[in-house]
Structures are given as C-alpha cells and as structure tokens.
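Residue numbers (this note's numbering): 220 to 312.
Think of the CB as a built atom: it goes at the ideal place given N, C-alpha and C, for glycine as much as any other residue.
These numbers were taken from a predicted model, which means no experiment stands behind them.
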C-alpha cells in the first residue's frame with residue numbers, strides 16, 4: 220500500500236529532532252514538524268505523533284547533569300526527568 224493512500228500515519232521523532240545539542244528545545248524543527256503534520260491532517264489523514272526527548276528536557280529543567288540520567292541504574296532520577304520533560308513537550312506541541 221503506497222504511503223499516498225495511507226489513512227493513518229504514525230510519526231516517530233527522536234531526541235535529536237526535538238532538542239538541540241545543548242538539550243534545549245529545537246523550536247524551529249518542532250515548528251516545521253507540526254506544520255507538516257497539520258498538512259497531513261488537512262489531507263484527511265489521522266496522525267499519531269510519538270516523541271522522544273522527555274528525559275533530556277526534564278534533566279535541564281531539574282538542573283541535573285548528563286551523568287545522573289545516563290546511568291540506567293538511576294531509575295528514580297530518570298523517571299523524575301521524564302515526568303518533568305513530558306510536560307514541556309506536551310505544552311510545546
């Protein structure tokens with residue numbers, strides 16, 4: 220089934236799309252993405268956006284170092300960062 224005939228589109232964006240190298244929001248890239256998704260919706264497609272980046276954005280908000288969240292054993296801090304970052308992403312979208 221060609222993509223041009225798709226009624227539903229799932230778009231997965233990674234951390235590198237939603238954030239800059241310093242961890243801040245990449246607003247211009249996010250804005251361009253949202254415009255493209257808007258066009259898909261205007262064409263009558265259902266769109267589902269799946270986004271990474273919550274942990275990195277939350278880390279900045281909470282003032283934690285990369286070392287803290289890069290340790291997979293540090294589940295509590297990673298969860299706190301994800302919770303803080305999710306709100307940032309949702310309000311941006």
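Assigned secondary structure, residue i (DSSP; H/G/I helix, E/B strand, else coil)
i	result
residue 284	coil
residue 227	strand
residue 240	coil
residue 270	strand
Distance between beta carbons of residue j and residue i, contact taken as under 8 Å
i	j	result
residue 237	residue 289	The Cβ separation is near 18 Å, so there is no contact.
Beta-carbon gap between residue i and residue j smaller than 7 Å
i	j	result
residue 301	residue 277	yes
residue 297	residue 274	yes
residue 230	residue 268	yes
residue 263	residue 234	no
residue 279	residue 242	yes
Of the residues the options, the one placed nearest residue i, counting alpha carbons only
i	options	result
residue 225	287, 260, 244	260
residue 309	285, 228, 295, 244	244
residue 285	240, 223, 228, 232	240
residue 311	253, 258, 257	253
Any C-beta of chain C under 7 Å from that of residue i
i	result
residue 293	The structure shown contains no chain C; it is built from a single protein chain.
Opposing strand residues paired with residue i [DSSP bridges]
i	result
residue 294	Answer is none; residue 294 lacks a bridge partner.
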